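S.K.: After the structure tokens below, expect a handful of questions from me.
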Amino acid sequence: MSVLPSLRAEVAAATDRLMATAADLGDADVTAPSALPGWSRGHVLAHLARNADGLVNLLRWARTGIETPQYPDPAARAAEIEEGAARRAAEHRADLELSAARLAAAIEELPQPAWSAMVRALRPPPHPAWYVLVRRVRELELHHVDLRAGYTPGDWPEAFVLRELHDCLACWPYGRSTVGAIVLEEPALEWTELGQGPVVRGTARDVLAWLTGRSAGERIRVGYEGPRAEGDRLPSPPPWLTMPAPANLPTAPPDTYPEESP
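In terms of full-length UniProt numbering, the sequence shown opens at residue 1 and continues consecutively.
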């Protein structure tokens, strides 16, 4: 057994949830602002479709051994999103459906040994092909919230939340951290010695939403070690760039991921 069947199921379920939301969007809805600065809902939908095609490229690389970049370069990625953003709602739905089908076919066709092949996104580090599935679920879940169309962090599946918190810690910006520790209430877990700053407390779901910029931290409590200065409040999330993958992932698909709790 490996983590592949469960990750494939997560990709399929997250895709279905996104398509259900997209089915309710009309032409005026897709031109409305998303939660991402400067992007309409159409930009978000176009990005998700092109992300699927970019991940197909990485799986082709894994299958053939011929380097096939996810995107030619950042400018080409941005241009494709901009070009697709103004489509009508029905065109967005068709694009999402077809691109998701292409990715599903690439996943189905990838031979077992190829899941251990190393591929690379626009930003380092390289990662094994099996982590493409983790990245696709991340894109679907975070950007589904960004649509501002009824799907919220409260709808995120628990497996996704705990895995993303694990990967947040794996990519933590030590030296630039705005918090010293994170205490999770559901489940009861702690991350300590993260840097300078207060202790933040909340559920795993609320903490992840805050760390990824999908909430302002309204449900998070702040505690300070030692005297608390007047006006102390919840800091901004750490100033990090979300990496495509943590370093030092197992090359072969593990039995579970993460193999340990955050």
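Built from N, CA and C at the ideal position, the CB exists for glycine as well.
Every value quoted in this text rests on a predicted model; they were computed, and no experiment measured them.
Which residue or residues does DSSP assign as beta-bridge partners of M118?
M.R.: For M118, the pairing in a beta bridge is given by DSSP as P128.
S.K.: Give me the Cα-Cα distance between S177 and P238, rounded to the nearest whole angstrom.
M.R.: 5 Å
S.K.: Is it buried or exposed for D155, if we count other Cβ within 10 angstroms and need 16 for buried?
M.R.: exposed
S.K.: Restricting to Cα atoms, I'd like to know which of T31, G195, A209, Y174 is closest to L184.
M.R.: A209
S.K.: Considering only the alpha carbon of each residue, which of E186, A79, M243, R63 lies closest to I107?
M.R.: R63
S.K.: Quick check on DSSP: helix, strand or coil for L249?
M.R.: coil
S.K.: Between A85 and A46, how many whole angstroms is the CB-CB distance? I'm expecting something under 8 Å.
M.R.: Contact between A85 and A46 holds: their C-beta atoms lie close to 5 Å from each other, under 8 Å.
S.K.: For L36, which residues from the same chain have a beta carbon less than 6 Å from its beta carbon, with the 5 sequence-adjacent residues on both sides left out?
M.R.: D146
S.K.: How many Å lie between L25 and A89 at the Cα?
M.R.: 6 Å
S.K.: Distance, Cα to Cα, T256 vs A129?
M.R.: 15 Å
S.K.: Under 8 Å: do the stretch 12-27 and the stretch 57-75 share three or more Cβ pairs, one atom per stretch?
M.R.: These segments do not touch.
S.K.: Count the other CB atoms, across all protein chains shown, that sit within 10 Å of the CB of A252; report buried if there are 16 or more and exposed otherwise.
M.R.: exposed
S.K.: Since L169 and W191 should fall inside the 8 Å C-beta cutoff, what is the C-beta to C-beta distance between them, to a whole number of angstroms?
M.R.: 6 Å
S.K.: State the CB to CB distance for the pair G223 and V207, rounded to an integer number of angstroms; the pair is presumed to be in contact (CB under 8 Å).
M.R.: That pair is no contact at about 14 Å.
S.K.: In its own chain, which residues sit with a C-beta less than 7 Å from the C-beta of S99, not counting the 5 before and 5 after it?
M.R.: A49, A52, D53
S.K.: Rounding to the nearest angstrom, what Cα-Cα distance links P235 and S34 in this structure?
M.R.: Approximately 24 Å between the Cα atoms of the pair.
S.K.: Quick one: what's got a C-beta closer than 8 Å to I220's C-beta in the same chain, skipping five residues either side?
M.R.: These residues qualify, in order along the chain: V200, R201, G202, D206, V207, W210, L234.
S.K.: Using the Cβ count rule (16 or more neighbours within 10 Å means buried), how would you classify D27?
M.R.: exposed
S.K.: Does the Cβ of I66 have 16 or more other Cβ atoms within 10 Å, making it buried, or fewer, making it exposed?
M.R.: Here I66 is exposed. Its C-beta has fewer than 16 other C-beta atoms within 10 Å.
S.K.: Which class does A35 belong to by DSSP, given the choice of helix, strand or coil?
M.R.: coil
S.K.: Three-state secondary structure (DSSP) at D206?
M.R.: In the structure shown, the three-state DSSP call for D206 is helix.
S.K.: With a threshold of 16 other CB atoms inside 10 Å of the CB of E230, please say whether the residue is buried or exposed.
M.R.: Per-residue confidence for E230 stands at a pLDDT of 47, beneath the threshold of 50, marking its modelled position as unreliable; the derived number appears in the next sentence. Answer is exposed; the Cβ neighbour count stays below 16.
S.K.: Could you say which of L165, E186, Q196, R120 lies nearest to V179 if we only look at CA atoms?
M.R.: Q196
S.K.: Taking T221 as part of the beta strand (DSSP E), name the residues at either end of that continuous run.
M.R.: A small correction: the amino acid at residue 221 is Arg; Thr does not occupy that position in the sequence shown. Per DSSP, R221 belongs to the beta strand (DSSP E) from 221-223.
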